[in-house]
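First the structure, in the form of structure tokens, and then the observations on it.
Number of protein chains: 2
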Amino acid sequence: MFSCWLSRLCRGLSTPTGRVTHLIQGSLSRRLMLSSQRIPELSSFVARTNTCGELRSSHLGQEVTLCGWIQYRRQNIFLVLRDFHGLVQVVIPQDESAASVKKILCEAPMESVVQVSGTVISRPPGQENPKMPTGEIEIKVKSAQLLNTCKKLPFEIKDFVKGAKEFVIPSREPGKFYCLPQSPQQFKQLLMVGGLDRYFQVARCYRDEGSRPDRQPEFTQIDIEMSFVDQFGIRSLIEGLLQYSWPSDKDPVVVPFPSMTFAEALASYGTDKPDTRFGMKIVDISDVFRNTKVGFLQDALSKPQGTVKAICISEGAKYLKRKDIESLRKLAADHFNQEVLPVFPKANRNWNSPVAKSIMEEQRSELIRLMEIQEDGVVLLTAGEHRKACSVLGKLRLECADLLEARGLVLRDPALFSFLWVVDFPLFLPKEENPGELESAHHPFTAPHPSDIHLLHTEPKQVRSQHYDLVLNGNEIGGGSIRIHDAELQRYILATLLKEDVKLLSHLLQALDFGAPPHGGIALGLDRLICLVTGAPSIRDVIAFPKSFRGHDLMSNAPDSLPPEELKPYHIQVSWPADSEAEKSSLNQPYHPES
Amino acid sequence: MFSCWLSRLCRGLSTPTGRVTHLIQGSLSRRLMLSSQRIPELSSFVARTNTCGELRSSHLGQEVTLCGWIQYRRQNIFLVLRDFHGLVQVVIPQDESAASVKKILCEAPMESVVQVSGTVISRPPGQENPKMPTGEIEIKVKSAQLLNTCKKLPFEIKDFVKGAKEFVIPSREPGKFYCLPQSPQQFKQLLMVGGLDRYFQVARCYRDEGSRPDRQPEFTQIDIEMSFVDQFGIRSLIEGLLQYSWPSDKDPVVVPFPSMTFAEALASYGTDKPDTRFGMKIVDISDVFRNTKVGFLQDALSKPQGTVKAICISEGAKYLKRKDIESLRKLAADHFNQEVLPVFPKANRNWNSPVAKSIMEEQRSELIRLMEIQEDGVVLLTAGEHRKACSVLGKLRLECADLLEARGLVLRDPALFSFLWVVDFPLFLPKEENPGELESAHHPFTAPHPSDIHLLHTEPKQVRSQHYDLVLNGNEIGGGSIRIHDAELQRYILATLLKEDVKLLSHLLQALDFGAPPHGGIALGLDRLICLVTGAPSIRDVIAFPKSFRGHDLMSNAPDSLPPEELKPYHIQVSWPADSEAEKSSLNQPYHPES
């Protein structure tokens, strides 16, 4: 399964980077690759029609759009544009009507990133450059856009910040440790800044999360990053990749996948990863109860953010027992501190609840109409702040599906694979420990939604991001974003909005200052994806030598004891906890702590 | 480049394992995958014509060879054979002439591994099994071979032995450490024992070698293992893979690659990784000097293993200076303690060496004839034990090539990619510290050459192995072997010949005891291969964020200091070397050792 995936997946991606014969020599170097053949796929998904290196006499007359770095400018008449694939000469228009284009191209510092559109024309006789693969042609520019400016390029190496929960590896230098990466996020962004254009890796990642069910300390990501791409480019790429690599014994994947805003996902499914294989959506029924006399509903609706919400369990009255409903109410009370009321609008079976009876009498018909309630439908109703009310009903919705399926109903067809993009997440969330301050909803490199940039200075909490999650049958199987490529914007978000110490990320900010292209990416969790595709009950079933719940590898007996002499080259010793002495001797350890 | 390789490489491999929808649930479980379609590639390279799961009525009358495990046997008339792809019913022949086949199939314990050849026939009417994909047919067996026997299957987990030089990772359990694997060797062998049939991984490996030039602590292998395969199957697979994935802007790879025995590689090139892009082969000229009066040649030839060897540098007299020859002689003296004599058989320019003059007068014409010496040819001659004389001339051959190319001659065409299989390595070598004892030339799981098995008990030093190396332009880019699948043979080699404590490898021995299939594999060093293909000067040039010579990641500044509170969850503390105190304070570390 894995290698099949990998193969189809690589095939889908290979051509774009397939001809890279010169690889980077340093994180900030932009090596050139002068390809002699047209590779159409190299411009799929991104904001260009061609790469800089591929244009020839055969393209004469074509309208093209190119993205790249300004390598050289001569007398404000010509400039040489460069991307990972080569160089091309661009003619700066001199007529008055194109003054704004000229201004952009002439004022941009060297190594700035620009997008130009224009026509492929012949160079005047005698001006061909036989040493340059594109030397017979040049681009007559009609429009241009400055994508990013560039400071004078340095090649310094700066400090790097550590993420939490990374496994540490002692080195042979006293007191110095390596870390196992949780993800190559900053590295892949720096590759884009370095001009690598497209990056793809089957990345083994490591995360020390202690004991968590259905997580593994070692896992595998399909990790992707591209320059000059927008959210729709990344989504198309992933859709094509999944379609192409999908097992042939299953129904084909239909693309494009539907998408849903985070706001809608929360409002209708109570979660950011909705299982869209079945309905039972959350309905806002606040308006039905504006004039209610039921106390707890009155209380809820009198508050500024107060709402009344409900889900309807079709055939619930037929399949669910009283104890099922009670266990659902207990779950809501225990885990969400929320009161949930079951009502049977058509079954007249409200278990001696005067409140429910009273609701029925007042709002029965309106509820039936609004929620399209059929015979035997059961409504679970709650009240409170929007997010909280939705969350509890989202959880109960899944619990109800489990209960009904245990009774023989099929709500979630096992042959159905329901992909969904969830988009327009908030860029920031209030900090849990201090709701007056903001933290990144995902990570601080996520770009804000273009429509909301003006809100960054006025209402940052309202800003949506360009983050996207890919959800399959209610499981998050991937996520990514368009990244910030503008150093000033990045600095503003880090320093002013997030109150972070920008020194810790100075290496990234500096990289953005030096001609960072617009870029974005995504990572798919390969283990979880394969687990879902194969219908395995746990990701442990699709990993060759999975770790146990406690993080043990039962095959190799890792983690295992090491004699002190094997720790010596790494300049570490074990700090035995005081209460482990008894355990140690009972386990008959082969050695004792030295101290 | 990398993803291009990966892609083509995966495509070459994908179909065989592409349909594995049920993955292993434990290292010893053999999960079934009942595929409904014929996948011809699944039987390429291996000792079967078909998999057990694929035969249908459409195959009636075909002669087939199957490999698998005995799942079930009924009244010594039928047995059910199983492999990773499914089950098939086999009819045991009852006639006298097939007594030996019957004996094999009836006496083999359940779960033993067998190969059977026979004809696909219809089941008698009424005996079809519609629940079994192969239920319409059965195999009328003509011949059978027991590939391995099986003890009663357990599912115990045994201790695992640690390799040296692995990075260690402290865990949250006091005194317990993970290791980063140097290679998945034992794991992939156990997957084959578990019935996985074919394994492929782009494996990230880690090796703490301290500071070594052109090695990286983190590197990538294309790692492959297959059941029921022999050396030629693995070699064909790799040849096809390289041919398929070869960059299209280079001359196509011609397959099959030539192969050379280790003995020939040593005798002609003085190394186990010959650069076959150019000649200058080592020639044994002992016979020319049988009656020599030159003292050091006489001395050498009087010893039992004594030889005289030479290489001829064409045009050497024209391109090499006296100081070049002197530096070659010094290299031989300094690094090999070997005397090397330059002679100019046709140039009469022996730099006042009376010995060389004397050689010339006596053996000149014979030498010219034997070594096909042209005008300006220079002979470098040495004498001594075969292996040592070859090694020094092998080294000088490469040095001479460097010298001549520095003078403008082209010996090694940069457009030429010269692949070579080196085979028939010795299985054992004398231990360096105690030449009376043996150690494995590669690793103790390597199978002996089938022709030499009888020598294991009498002359183990003479036994050749089924190890193979793939060499490209004088660089080892891969290696692998057919593994031992017979527990008794493995035990004999470990305990009797290698004097190892078999308890440390009891998990592997037990696995072999329980129906291990014949299997073998290979690993290609992806970084080095890409480095050679792209003509990069170092593997650092084809790795995105390479480590420095000292193992530092200059981008992330790893390894780096960690505050003690980050070490606390891992129950370790730094043991500061006494002499590092001064350095520490001068570096202004953010913390101090606690003890």
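Protein sequences appear in the order of chains A and B.
In terms of the UniProt record's numbering, the first sequence has 132 at position 132, counting the first letter as 1, and numbering is strictly consecutive.
In terms of the UniProt record's numbering, the second sequence has 317 at position 317, counting the first letter as 1, and numbering is strictly consecutive.
No residue lacks a Cβ here, since even glycine has one placed at the ideal position from N, Cα and C.
Computed from a predicted structure; not experimentally measured.
So, at 6 Å on beta carbons, what are the nonlocal neighbours of residue i in its own chain, with the 5 sequence-adjacent residues on each side left out?
| i | result |
| --- | --- |
| Lys431 (chain B) | Glu437 and Glu439 |
| Val340 (chain B) | Arg329, Ala332, Leu380 and Thr382 |
| Leu416 (chain B) | Arg277 |
| Ala389 (chain A) | Thr307, Lys309 and Thr382 |
| Ala317 (chain B) | Phe344, Ala347, Asp376 and Val378 |
Could you please give the first and the last residue of the uninterrupted alpha helix (DSSP H) stretch that includes residue i?
| i | result |
| --- | --- |
| Ser268 (chain A) | Phe262 to Tyr269 |
| Met192 (chain A) | Gln185 to Val193 |
| residue 616 (chain A) | No answer is possible for residue 616 (chain A): the residues shown for chain A start at 1 and end at 595. |
| Cys52 (chain B) | That residue, Cys52 (chain B), is in no alpha helix (DSSP H); it is neither H nor E in DSSP. |
| Tyr319 (chain A) | Gly316 to Tyr319 |
| Lys395 (chain A) | His386 to Ala406 |
| Val540 (chain A) | Looking at the sequence shown, residue 540 (chain A) is not Val but Arg. Arg540 (chain A) -> no alpha helix (DSSP H), and no H or E assigned at all. |
| Glu488 (chain A) | Ala487 to Arg491 |
| His507 (chain A) | Ser506 to Asp513 |
| Ala203 (chain A) | Not the alpha helix (DSSP H): Ala203 (chain A) falls in the beta strand (DSSP E), residues Arg198 to Tyr206. |
Let me check you understand the geometry: is the CB of residue i closer than 8 Å to at least one non-hydrogen atom of the ligand NAD?
| i | result |
| --- | --- |
| Leu509 (chain A) | Absence of the ligand NAD is noted for the structure shown, with no ligands found whatsoever. |
Beta-carbon within less than 7 Å of residue i's beta-carbon, same chain only, minus the 5 sequence neighbours each way: which residues are those?
| i | result |
| --- | --- |
| Thr49 (chain B) | Ser43, Val64 and Thr65 |
| Arg123 (chain B) | Glu136, Ile137 and Glu138 |
| Leu370 (chain B) | Val283, Ile285 and Val288 |
| Leu509 (chain B) | Ala487, Gln490, Arg491 and Val502 |
| Ile543 (chain B) | Gln216 and Asp527 |
| Thr271 (chain A) | Ala265 and Gly394 |
| Phe228 (chain A) | Val46, Ala47, Arg48, Cys67, Pro517 and Pro518 |
| Gly535 (chain A) | Pro414 |
| Ala164 (chain B) | Caution is warranted here: a pLDDT of 37 is assigned to Ala164 (chain B), below 50, making its placement in the model unreliable, and no coordinate value can be reported. |
Report the neighbours of residue i on chain B: residues whose CB is nearer than 7 Å to its CB, in chain order.
| i | result |
| --- | --- |
| Arg204 (chain A) | Arg204 |
| Pro559 (chain A) | Ser171, Glu173, Lys176, Phe177 and Tyr178 |
List, in chain order, every chain A residue whose beta-carbon is nearer than 8 Å to that of residue i.
| i | result |
| --- | --- |
| His571 (chain B) | Val574, Ser575, Trp576 and Pro577 |
| Leu191 (chain B) | Ala544 |
So which residues on chain B does residue i lean against when the C-beta distance must stay under 9 Å?
| i | result |
| --- | --- |
| Glu225 (chain A) | Residues of chain B passing the Cβ test: none, with the nearest at roughly 12 Å. |
| Phe167 (chain A) | Ile169, Pro170, Ser171, Tyr178 and Tyr570 |
| Phe187 (chain A) | Ala544, Phe545, Met555 and Ser556 |
| Gly551 (chain A) | Ser171, Arg172, Glu173 and Tyr178 |
Tell me which residues share the same chain as residue i and place their Cβ nearer than 8 Å to its Cβ, disregarding the 5 neighbours each side in the sequence.
| i | result |
| --- | --- |
| Trp421 (chain A) | Arg235, Phe257, Pro258, Ser259, Met260, Tyr468, Asp469, Leu470 and Val471 |
| Ala523 (chain B) | Ser183, Ala203, Gln221, Ile222, Asp223, Ile224, Gly478, Gly479 and Gly480 |
| Thr119 (chain A) | Gly61, Gln62, Glu63, Val64, Ile139, Lys140 and Lys142 |
| Ile104 (chain A) | Val114, Ala144, Gln145 and Leu146 |
| Val101 (chain A) | Ile92, Pro93, Val141, Lys142, Ser143 and Ala144 |
At what residues does the beta strand (DSSP E) containing residue i begin and finish?
| i | result |
| --- | --- |
| Val343 (chain A) | Val340 to Val343 |
| Ala310 (chain A) | Gly306 to Ile313 |
| His519 (chain B) | His519 to Gly525 |
| Gln466 (chain B) | Note, Gln466 (chain B): premise wrong, no beta strand (DSSP E); not H, not E. |
| Ile477 (chain A) | Asn475 to Ile482 |
| Lys176 (chain A) | Lys176 to Cys179 |
Please compile the residues from chain A whose C-beta is within a distance smaller than 7 Å of the C-beta of residue i.
| i | result |
| --- | --- |
| Leu562 (chain B) | Val168 and Phe177 |
Checking contacts by CB at 9 Å: is residue i closer than that to chain C?
| i | result |
| --- | --- |
| Asp208 (chain B) | Protein chains in the displayed structure are A and B, and chain C is not among them. |
**OP:** Flag this pair as touching only if the stretch 54-73 of chain A and the stretch 247-256 of chain A have three or more C-beta atom pairs under 8 Å; answer yes or no.
**Re:** no
Subject >> Entirely enclosed beta strand (DSSP E) segments - the stretch 100-167 of chain A, minimum 3 residues >> reply: 113-122 and 137-148
Original post:
Is the number of C-beta pairs between the stretch 291-306 of chain B and the stretch 315-325 of chain B that are closer than 8 Å three or more?
Top reply: With a cut-off of 8 Å, the stretch 315-325 of chain B and the stretch 291-306 of chain B do not count as touching, because too few Cβ pairs lie within range.
Subject >> Any beta strand (DSSP E) of 3 or more consecutive residues that is wholly inside the stretch 212-260 of chain A >> reply: 218-227
Original post:
Is there contact between the stretch 163-180 of chain B and the stretch 556-575 of chain A, where contact requires at least three CB pairs shorter than 8 Å?
Top reply: yes
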